[in-house]
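A.B. asks: Take a look at this one; I'll ask things after.
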Amino acid sequence: MNSSANLVALYTITRREIMRVVRIWTQTLIPPMVTMTLYFVIFGKLIGSRIGTIEGGFTYIQFIVPGLVMMSIINNSYANISSSFFGAKFQRSVEEMLVSPMPNWVILLGYVTGSVARGLVVGALVLGIALFFTSLHLVHPLITLASVVLGATIFALAGFINAIYAKKFDDIALVPTFVLTPLTYLGGVFYSVNMLSEPWQSISRINPILYMVNTFRFGVLGISDVGVVTAFVVMIGFVAGLSVIALQLLKRGVGLRS
30 MNSSANLVAL YTITRREIMR VVRIWTQTLI PPMVTMTLYF VIFGKLIGSR IGTIEGGFTY
90 IQFIVPGLVM MSIINNSYAN ISSSFFGAKF QRSVEEMLVS PMPNWVILLG YVTGSVARGL
150 VVGALVLGIA LFFTSLHLVH PLITLASVVL GATIFALAGF INAIYAKKFD DIALVPTFVL
210 TPLTYLGGVF YSVNMLSEPW QSISRINPIL YMVNTFRFGV LGISDVGVVT AFVVMIGFVA
270 GLSVIALQLL KRGVGLRS
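What follows is the structure, given as structure tokens:
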């Protein structure tokens with residue numbers, strides 16, 4: 030396929046993924062907004078009022094907002110692509126794409142772009158809700174945007190790989206339940222990693238979500254538990270590594286060709 034045909038194919042897959050989110054918006058957009066609102070009320074207002082200020086002189090709810098926004102972004106990016114691509118596998122439409130002249134990178138990029146778009150929309154909605162509970166000012170807008178895009182991309186790629194290996198719908202829920210949720214809660218969403226004693230602080234520093242949350246927090250509040258340059262190197266490394274793995278799995282047809 031030539032470049033123009035590749036662009037048409039990429040646009041088609043991306044548009045289909047975005048329209049899927051819009052079509053079932055009551056399932057894709059409303060639930061994370063309701064969940065995060067409860068987090069803001071319970072953790073931010075009720076518990077936060079008793080904690081007072083935290084690192085950097087910010088209120089507790091201001092401190093946790095970036096983590097909660099990032100948590101909603103990565104959860105929705107992951108959930109979107111894992112369910113969508115597995116559905117395509119189940120319906121055998123993936124096989125049609127694989128035998129077409131469409132390059133594998135177009136298939137991957139189309140699905141990832143659609144998932145990142147959902148993550149960004151959900152993140153923006155959750156951030157808007159947060160402004161009803163506290164005031165925020167973006168200290169570094171470009172860093173904020175870059176951290177969001179990279180974080181969403183990482184977990185979109187992870188969801189894509191999960192969908193490739195999944196053999197039934199229950200397999201899609203295993204990773205979010207037993208891997209994604211623990212990593213999220215241990216990723217510095219509700220606390221500063223500097224508050225932990227050893228060896229837990231060192232263990233937390235191998236958690237990729239810690240770098241995503243803190244980079245986003247640095248962009249919004251100007252504070253971070255980790256070096257921003259180090260965080261970006263870690264995130265870019267994950268994007269590159271997961272992309273290579275996903276493309277190789279597509280090339281070999283693992284779990285796709287019957």
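Count along the sequence shown starting at 1, add 29, and that's the number in my numbering.
For every residue, glycine included, the Cβ atom is placed at its ideal position computed from N, Cα and C.
Everything numeric in this text was worked out from a predicted model, so none of it was measured.
1) Helix, strand or coil: which one does DSSP assign to T163?
2) Have a look at V145, S112, S129 and I274 and flag the residue whose alpha-carbon is nearest the alpha-carbon of M99.
3) Rounded C-beta distance between L39 and V135? I'm assuming under 8 angstroms.
4) Would the beta-carbon of L167 fall within 7 angstroms of that of V255?
5) Please list, in chain order, all residues of the same chain as V263 whose beta carbon is under 7 angstroms from its beta carbon, the five residues on each side excluded.
6) Going by C-alpha distance, which of I158, N35 and I252 is nearest I83?
7) Taking C-alpha atoms, which residue in F87, P61, E125 and L179 lies nearest to L97?
8) Are the segment 162-182 and the segment 84-93 in contact at 8 angstroms, needing three or more beta carbon pairs?
9) Short of 6 angstroms in beta carbon distance, which residues of its chain neighbour A275, apart from the five on each side in sequence? Order them along the chain.
10) Span of the alpha helix (DSSP H) holding F267?
11) Tell me the residue span of the alpha helix (DSSP H) that contains F184.
12) Using the rule of at least 16 other Cβ atoms within 10 Å of the residue's Cβ for burial, across every protein chain shown, is R281 buried or exposed?
13) Assuming the contact rule is C-beta atoms closer than 8 angstroms, S111 and A192 should be a hit. Round their C-beta distance to whole Å, please.
14) At what residues does the alpha helix (DSSP H) containing E124 begin and finish?
15) Confirm, please, whether the CB-CB distance from S233 to V222 is below 7 angstroms.
16) Apply the 10 Å Cβ neighbour rule to G81 and answer buried if 16 or more other Cβ atoms are within range, or exposed otherwise.
C.D. replies: On the basis of the supplied data:
1) Position 134 of the sequence shown, counting from 1, holds the residue named residue 163. Here T163 sits in coil by DSSP.
2) Within the sequence shown, the letter at position 70 stands for residue 99. For M99, the nearest C-alpha among the options comes from V145.
3) As a position in the sequence shown, residue 39 is number 10, starting the count at 1. As a position in the sequence shown, residue 135 is number 106, starting the count at 1. With a Cβ gap of about 5 angstroms, L39 and V135 count as contacting.
4) The sequence position of residue 167 within the sequence shown is 138, counting from 1. The sequence position of residue 255 within the sequence shown is 226, counting from 1. No; because the gap between Cβ atoms is not below 7 angstroms, this pair is not in contact.
5) Here residue 263 is taken as the residue at index 234 of the sequence shown, counted from 1. Counting only Cβ-Cβ distances below 7 angstroms, and skipping sequence neighbours, we find P237 and Y240.
6) Numbered from its first residue, the sequence shown carries residue 83 at position 54. Nearest option by C-alpha distance: I252.
7) The residue given as residue 97 occupies position 68 in the sequence shown. Comparing Cα-Cα distances from L97 to each of F87, P61, E125 and L179, the minimum goes to P61.
8) yes
9) Taking the first residue of the sequence shown as position 1, residue 275 is located at position 246. So the qualifying residues of the chain are L137, L186, F189 and I190.
10) In the sequence shown, residue 267 corresponds to position 238, counting from 1. F267 -> alpha helix (DSSP H) spans V257 to R281.
11) Walking along the sequence shown from the start, residue 184 turns up at place 155. P170 to Y194 is the span of the alpha helix (DSSP H), which, as asked, contains F184.
12) One-based indexing of the sequence shown puts residue 281 at position 252. Result: exposed.
13) Within the sequence shown, numbered from 1, the residue matching residue 111 stands at position 82. Within the sequence shown, numbered from 1, the residue matching residue 192 stands at position 163. Confirmed, about 5 angstroms.
14) The sequence position of residue 124 within the sequence shown is 95, counting from 1. It spans S122 to V128 - the alpha helix (DSSP H) in which E124 sits, taken as one unbroken run.
15) Numbered from 1 along the sequence shown, position 193 holds the residue referred to as residue 222. Numbered from 1 along the sequence shown, position 204 holds the residue referred to as residue 233. Their beta carbons are under 7 angstroms apart, which means V222 touches S233 by this criterion.
16) Here residue 81 refers to the residue found at position 52 of the sequence shown. Flag for G81 reads exposed.
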